[in-house]
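To start, the structure itself, in structure tokens.
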Amino acid sequence: MNIKLAVFKFASCDGCQLQILNMEDEILQLTGKIEIAYFMEATSRKLEEPYDIALVEGSISTKWQEKHIEKIRANSKYLIAIGACATAGGIQALRNWSKNEDYSKKVYPKPEWIDTLAESKPISDYVNVDYEVRGCPVNKDQLLWILSQLIIGKEPFTPTHSLCIQCKIEGNTCIMVADGKPCLGPITMAGCGALCPKYNRGCYGCFGPMDASQAEKLAEHFINMGMSKREVTLMFKGFTSWSKPFRKVVSKYGGDED
Amino acid sequence: MVETKIKVDYLARVEGEGNLYIKVIDGKVERLEVGIFEAPRFFEALLIGRRFHEAPDITARICGICPVAYIFSSCRAMEKLFNIKIPEEIEVLRKILYYAEWIQSHALHVFFLHAPDFLKVDSIMEIAKIHPEITRKALKLKAWGNRIIEIIGGRSVHPISCRIGGFYRIIKREELKEIYEKKEEMQNLAKELLEWIMTLNIPKMERDFENVSLRNDENEYPLIGGRVISNKGLNVVEEEFEKFIEEFQTPYSTALRYKIKGRGPYLTGPLARYNNNYDRIRGEVKETVEKQGYQAPLRNTFQSIIARAAEIYHATLEIGRLIDNYVEPQKPYIEVEVKSGTAYGITEAPRGILYHAYEVNEEGIIEKANIISPTAQNLAYIEKDLLELIPELLKMNYNDARLLAEQTIRNYDPCISCSTHFLKLKIERKP
Amino acid sequence: MHTRGLPLKKLGLVIGDWRDLERLFKYLKDSGYRIIGPKVDGNVIKLKELKSLREFPKQISDHQAPGYYRLEEGDFFRNGDDSPKKYLFPPKMEIFKVNRDLSISFREIEKVKIAFFGIKSCDTASITIMDKVLGERGDSFYKHFRKELFIVTENCIKPGENCFCSSMGTGPRVQSGFDISFTRIDGKILFEAGSERGVKILEKLKLPHANAKLKKKFIEVLEKAAEKAKANFEKRFLAEKLELAIESPIWKELAEKCLGCGNCTMVCPTCFCFDIYDEVFLDEYSKRVRYWDSCFTYKHAEVAGGHFRPELWARYRQWLLHKFSYWKRQFDMLGCVGCGRCITWCPVGIDIRKAVEKVLKWVDENVR
Amino acid sequence: MLGKEYEFKIGIIKKIREETYNVSTFHIEVEGLNGEVKPGQFNILYLFGGGEVPISISEIGRRRLAHTVRFTGTITNMFRELTVNDKIGVRGPYGNHWPIEEHQNEDILIIGGGIGIAPLKPIIQYVKEKRSKYGKLIILYGARTPKDLIFKSEFEEFRKIRDSELHLTVDRGDEKWKGNIGVVTTLIPPLKLNIENTVAFVCGPEIMMYYTVKDLVKKGIPETKIYISLERRMRCGIGLCGHCQIGPYFVCKDGPVFPYWKIKEYFGVKWI
Ligand SMILES: Cc1cc2nc3c(=O)[nH]c(=O)nc-3n(C[C@H](O)[C@H](O)[C@H](O)COP(=O)(O)OP(=O)(O)OC[C@H]3O[C@@H](n4cnc5c(N)ncnc54)[C@H](O)[C@@H]3O)c2cc1C
Ligand code: SF4
Ligand code: SF4
Ligand code: SF4
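Chains as they are written, first to last, in the working numbering: chain A, -9 to 248; chain P, 19 to 449; chain B, 1343 to 1710; chain D, 19 to 290.
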């Protein structure tokens, strides 16, 4: 047993780390292969740094986090950002389009006690990230696959093509074509199992842009379908809105308005 | 005199990371603070300008452990505002989904987070070494809960199938077969685990707290909607709830705190639910707990672990019954007609009552949002509980004191990350 | 494996009605076939197992247009988003399992006896193509699933808006590669055999021969259908002509709306690209799993330190020229059967017929 | 048996020679390959849980083969961890080969760029063994820097082959480098060739082959006597997976070796 795994959390909902604990069938086997060195959600035991693998959940949104992530980077051989927050800033990155003080005022009676950075940003904006696992939350099977690859000494790999490909492989019916509903599948990265179309709704992009994502073209198509600019903006302004391709669409169709 | 400041670096109303700071001078408590310093994520602000139907998906992201609760509180609120009557079939499916989340979340807390305290170990991995069979069974039960959410919701964390008015598509009876087939096994497991939990060495510590929970008109254990009641006379409808509580903020925490106006801190969550609705818990559960003398009311917060285990058992039984009653609906959801106004909704999240309120304009755009999570509501009471524990703590050595304080906080299952790792307990003693 | 169409004369058309189709269905079912045919699944017609012919969507029509598919009341349907490919070349499939010591656990898949019932001639033609592409080249899984295949084809009397099988020479009347075909004409069903097996079974049904009048009607109906299922180009020299545009700037224009999502290749009944992943479980075993892949994915032509088709237009060109040109030299046939699926199921409605037309026009105007 | 076409044989690593910081040659012993191995063919190598990579055969022995691997990506980097006696999966040999037998009595010109010299090495071996059957042997080999030159330990042996020339070049030199500096094509103009009787075998990055072929043609070597070996992404190696296509050809089956005249109309096309 020589792989030391650490799990860290920044601004997030815990859902991605929870996916590790959701591996009920494998978790005991897994802990036999990997030594959990730091994983506050699962154990109060801590091991000394350095770590072989650091899984990082959450976005960077406070000054303290900015420093902390650098420390983690320095102490980890392999740093993997997990989930939409860590790879694209998460839902909380919606505030990046607004003035931060407004936000504090809206939520807290005494906003002067709240200390936060103006923007919520992905880990890779601060430190070098070795691998990114997408999703809000990450897919459990994918996560297990990635851990398995690391265990055998392989740099992790997961497909980076469109959700549509997975959607068809799963045998779903295209809801854009058969229902006329908008779907972000054609520009979103596969990995979730094409869940939303499977449940008869359009993908809202929680796995973020695929390789060579044509987000702007799809947005244009939505407009041609009769959607308003505002509706199009909201579609792209979701859980991975701060990824570059989606951000472009949001700015183009009125990101600064609200 | 040393002044210590805890920097507020973290978030609002949701569980997350926190710390505890206690300062005692000359045996007198100078300061006692449970600081939750999760980074603020400003959910209420970022809901503004979004359309009503986005609320479930967005608020689900407040918590990865109980997303279903967030989804249903927001659905409940919007549906009430729009005067939608949810058909029985859809209601049944929702209840199954909600109970499944209880199972998953409670199992996580009971076995991963809380049980190690009672067994004086670090983690479930350690429990697995002492009680491999129990661990295996607990994992199985938890997996079943997750699997149910996966089948009905698409995935267990942040499910995608729910919408205002129902579901995005009809869930076929056939799809539920897989989980139904295991129900008896799971009910037996749940019973066995409840019995095991009751054998744990639970500290004795009676308190008189105000139990706040929902209570419904259907004569059922509460899940979605109902009146908010307490053992001290609170009895209000969802719309009125906020008027009876008072919020306050402390400089050491991003989380707001709440108390009942004119009375003070209160308790919500499984223990409160169990105490307030014991008459509606399944007979099989009652029989099991009463055999060991744990009928309601339980006045010891350390016994919350029993309430949780009892609710798991109750949930497994109810899921069986609900699937029996499930008829596929004609349409997966009820069409919505937008109305402007304020939407209020409360449901029973695994950790207690979860309050959502939205102001929606005539276009269906959210203009204001207010969400009060169970953990935020419990915070003030946690501090009160700790305060009462101080004399006890001062008698102990540092490590035991820290452990007891941590365990006390974990009794409330404040949230997964804070319940295990947040304690940097500082007890300053001045002779 | 190859079944040749018999000329009309040999058996000719025999005539029956819907009950005879049911008899045929039952006969196949009783002979142990798993019957796969069109069936309404939500809001699309898919190829699914049919327990009885009552599941066959008799009173339904599929309204198709570029990027558009709706089921409506009607009396004839074409196809949905899946095709026989799904059964003969499954979208995801474990090849075998490799154990830690590199020993291989091969799979055993029980013998499958599939009868496709009521697929159209374009799909029948697609099986002939796959026979060549996958079967003859040695895909053992394909051969396994294909081995005992029985094909009952329905001749297309009402091609849809996106159909162009007549231009590709694959329909609307099935020419080869089938066992039995049937045609709905004037409330009657006309049967025809395409193989020895088919002849034997039809003989068992003891149906009378169609008279000259009905035969004439048959020809008329299918001729009319053939007129409808035409694109604005000819198959003759198509491959050669299109290749003349290989370095044309037209590809950029054609790919202007393309999202690179790969839907066209997924729904195409003949696209065969696949990828293989090692799905390793801890360090205990690894499954080698085959998934459909698409030449539209960014990674398809990426190699360490380089990329052969980094731009989307180059990937679009690869798809189009492969189907309509390269395929000819690879397999002595074209890779497109004119089923129109890629037009219907493209989320932005790119029409391959128009694309081909534009390339041809470019060639006419620019190559001399 | 289902999936038989993907079955691999077990190869046992007998020797590993480090060529450079990111290239090593693995000598493996493998029983029962598909057939006789010819210069220019490749195998598909499998590492547990990682996957497969096509790798040319860089040395052909009676019971042993060598593969020279550059560690460049996910799977090839896993090769770094291999040690003697480790097992890997091997299937092949695949692809066609350098048609060396058809060019007896001719002068052999070998041009390799980078790792591209690996599939050319068996030609050198072959010519050496059947020395009297061939004319001159000219080897041009270029790498990015002196550090990137592989098979260094064999250069002397190459030079010792009767009637042979070895010309080396690097894109960027260092203090110790005394040889030619420049891309491999800079070695072509000064060459004295018997144009009528020379056959050229070229392998390297596509861009290098593109210019090399141009220069060879300029020098007068007919397109029918220039052979190049192509590289494309490859999944199956047996013409099924569709990845390795260039125009109408499947590199794995129709190639990897192509006479230039055959591939010419596609080879220069941008992003084909
Ligand atoms: C016929 C042939 C012979 C080859 N001979 C040699 C050789 O002798 N020595 C050597 O070092 N390399 C050789 N290569 C290249 C070698 O196959 C790639 O470097 C290797 O596949 C990269 O895999 P990877 O997983 O390490 O890289 P990654 O970049 O992580 O690869 C991702 C995927 O792309 C594919 N891929 C990436 N680059 C190539 C490529 N250049 N060719 C084919 N597939 C690729 C791989 O299959 C891999 O699955 C040859 C390639 C071919 C086609
Ligand atoms: S439903 Fe969405 S993801 Fe699926 S094929 Fe259609 S556009 Fe693509
Ligand atoms: S379909 Fe899209 S939004 Fe839905 S789970 Fe998958 S990636 Fe997320
Ligand atoms: S290319 Fe389009 S029309 Fe042709 S066979 Fe494929 S899906 Fe059908």
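Glycine residues also receive a C-beta, built at the ideal position from the N, C-alpha and C atoms.
- Could you please tell me which residues of the region 212 to 232 of chain D, in chain order, have their CB closer than 8 Å to any CB of chain B? The residues in question are P223, E224.
- Query: Under a three-way DSSP split, which group does P:Y296 fall into?
  - Reply: Helix at P:Y296.
- Task: Could you run through the region 1439 to 1450 of chain B and flag, in chain order, every residue whose CB is less than 8 Å away from some CB of chain D?
- Result: From the region 1439 to 1450 of chain B, only V1440, R1442, D1443, L1444, I1446, F1448, R1449, E1450 have a Cβ closer than 8 Å to chain D.
- Would you say P:R187 and P:S179 are within 8 Å of each other, going by their C-beta atoms? At the C-beta level, P:R187 and P:S179 come within 8 Å of one another.
- Message: I'd like to confirm something about B:G1680: is its beta-carbon nearer than 7 Å to some heavy atom of ligand 4, or not?
- Response: In terms of side-chain proximity, the C-beta atom of B:G1680 is found nearer than 7 Å to a non-hydrogen atom of ligand 4.
- Reduced DSSP category for D:T101 - H, G, I as helix; E, B as strand; rest coil: When DSSP states are grouped into helix, strand and coil, D:T101 belongs to the coil group.
- Taking 8 Å as the threshold, find out whether the region 1492 to 1512 of chain B comes into contact with the region 1677 to 1695 of chain B through three or more Cβ pairs. With contact defined as three or more Cβ pairs closer than 8 Å, the region 1492 to 1512 of chain B and the region 1677 to 1695 of chain B are in contact.
- Message: Tell me the residue span of the beta strand (DSSP E) that contains A:P127.
- Response: Segment: none, A:P127 is in no beta strand (DSSP E) and carries neither H nor E.
- Hey, how far is the Cα of P:E51 from the Cα of P:A394? The alpha-carbon separation between P:E51 and P:A394 amounts to approximately 14 Å.
- Query: Residues of chain A with a CB under 9 Å from the CB of B:T1639: which are they?
  - Reply: Within 9 Å of the CB of B:T1639, the CB atoms of chain A belong to P149, T150, H151, S152, I155, M200, D201, A202, in sequence order along the chain.
- Shorter than 8 Å from the beta carbon of B:G1519 to some beta carbon of chain A? Cβ-Cβ to chain A under 8 Å: no for B:G1519.
- Counting pairs of Cβ atoms below 8 Å between the region 1635 to 1643 of chain B and the region 139 to 156 of chain A, do you hit three or more? In short, these stretches touch, since the Cβ pair count reaches three.
- Query: Taking a cut of 9 Å between CB atoms, which residues from the region 1645 to 1656 of chain B lie near chain D?
  - Reply: So the close ones are V1645, A1646, G1647, G1648, H1649, F1650, R1651, P1652, E1653, W1655, A1656.
- Are the Cβ atoms of A:G48 and A:G125 separated by less than 8 Å? Against a cut-off of 8 Å, the Cβ pair of A:G125 and A:G48 comes out as no contact.
- Message: According to DSSP, B:W1661 sits in a beta bridge with which residue or residues?
- Response: Looking at the DSSP assignment, B:W1661 forms no beta bridge with any residue, so it has no partner.
- Task: Please go through the same chain and pick out, in chain order, the residues whose beta-carbon is closer than 8 Å to the beta-carbon of B:R1442, but skip the five residues on each side of it.
- Result: Close CB contacts of B:R1442 within its chain, under the 8 Å cut and outside five residues either way in sequence, are with D1625, E1626, Y1627 (chain order).
- Can you say whether P:T438 is buried or exposed, counting buried as having 16 or more other CB atoms within 10 angstroms of its CB? In this prediction, P:T438 has a pLDDT of 32, which is less than 50 and means its spatial position is unreliable; what the coordinates show is noted afterwards. Looking at its Cβ environment, which holds 16 or more other Cβ atoms inside 10 Å, P:T438 is buried.
- Closer than 8 Å, Cβ to Cβ, to anything on chain A: give me those residues from the region 158 to 187 of chain P, in chain order. So the list reads K158, K160, A161, N164, G172, R173, S174, V175, H176, I178, S179, R181, F185, Y186, R187, given in the order they occur along the chain.
- Message: Which of the three DSSP states is assigned to B:G1480 in this structure?
- Response: In the three-state scheme derived from DSSP, where H, G and I count as helix and E and B as strand, B:G1480 is classed as coil.
- Could you say which of P:T365, P:N293, P:A73, P:A118 lies nearest to P:V378 if we only look at CA atoms? Out of P:T365, P:N293, P:A73, P:A118, P:A73 has the C-alpha closest to the C-alpha of P:V378.
- Message: Against chain B, with Cβ distances strictly below 8 Å, would D:V188 count as a contact?
- Response: So, not an interface residue.
- Looking only at DSSP bridge pairs, what is B:H1649 linked to? In DSSP, B:H1649 forms a bridge with B:E1644.
- Touching by the beta-carbon criterion (3+ pairs, under 8 Å), the region 67 to 86 of chain D and the region 28 to 46 of chain D: These segments touch.
- Within 7 Å: the Cβ of D:S42 and any heavy atom of ligand 1? Shortest gap from the CB of D:S42 to any heavy atom of ligand 1: 7 Å or more.
- Taking 7 Å as the cut-off, is the CB of D:T38 close to at least one heavy atom of ligand 1? No, Cβ of D:T38 sits at least 7 Å from all heavy atoms of ligand 1.
- Using 10 angstroms around the beta-carbon of D:T163, count the other beta-carbons present and answer buried if the total reaches 16, otherwise exposed. With a 10 Å radius around the Cβ and a threshold of 16 neighbouring Cβ atoms, D:T163 comes out exposed.
- Message: Tell me the residue span of the alpha helix (DSSP H) that contains D:T216.
- Response: Per DSSP, D:T216 is not a residue of any alpha helix (DSSP H); the beta strand (DSSP E) it occupies stretches across 216 to 221.
- Item | Status (buried if at least 16 other CB within 10 Å, exposed otherwise) for A:L134 | By the 10 Å Cβ count, A:L134 comes out buried.
- Message: Please give the ranges of any alpha helix (DSSP H) in the region 210 to 284 of chain D, keeping only runs that are unbroken, at least 4 residues long and fully inside the region.
- Response: Correct list: 224 to 237, 269 to 272.
- Message: Can you tell me whether A:Y184 sits near ligand 3, meaning its C-beta is under 7 Å from at least one heavy atom of the ligand?
- Response: A quick correction: the sequence has Ala, not Tyr, at residue 184 of chain A. A:A184 Cβ: within cutoff of ligand 3.
- Contacting positions in the region 316 to 342 of chain P - beta carbon closer than 8 Å to chain A: Residues of the region 316 to 342 of chain P whose Cβ lies closer than 8 Å to any Cβ of chain A: none.
- Message: Using only CA atoms, which one of P:S231, P:E97, P:R300, P:E305 lies nearest to P:Y368?
- Response: For the record, residue 368 of chain P in the displayed sequence is Pro; it is not Tyr. When only C-alpha atoms are compared, the closest one is P:S231.
- Item | the region 158 to 177 of chain A in contact with the region 1395 to 1413 of chain B per 3-pair CB rule at 8 Å | The region 158 to 177 of chain A vs the region 1395 to 1413 of chain B: in contact.
- Rounded C-alpha distance that separates B:A1568 from B:L1662: Cα to Cα, B:A1568 sits roughly 24 Å from B:L1662.
- At what residues does the beta strand (DSSP E) containing B:M1435 begin and finish? From DSSP, the beta strand (DSSP E) with B:M1435 extends over 1434 to 1441.
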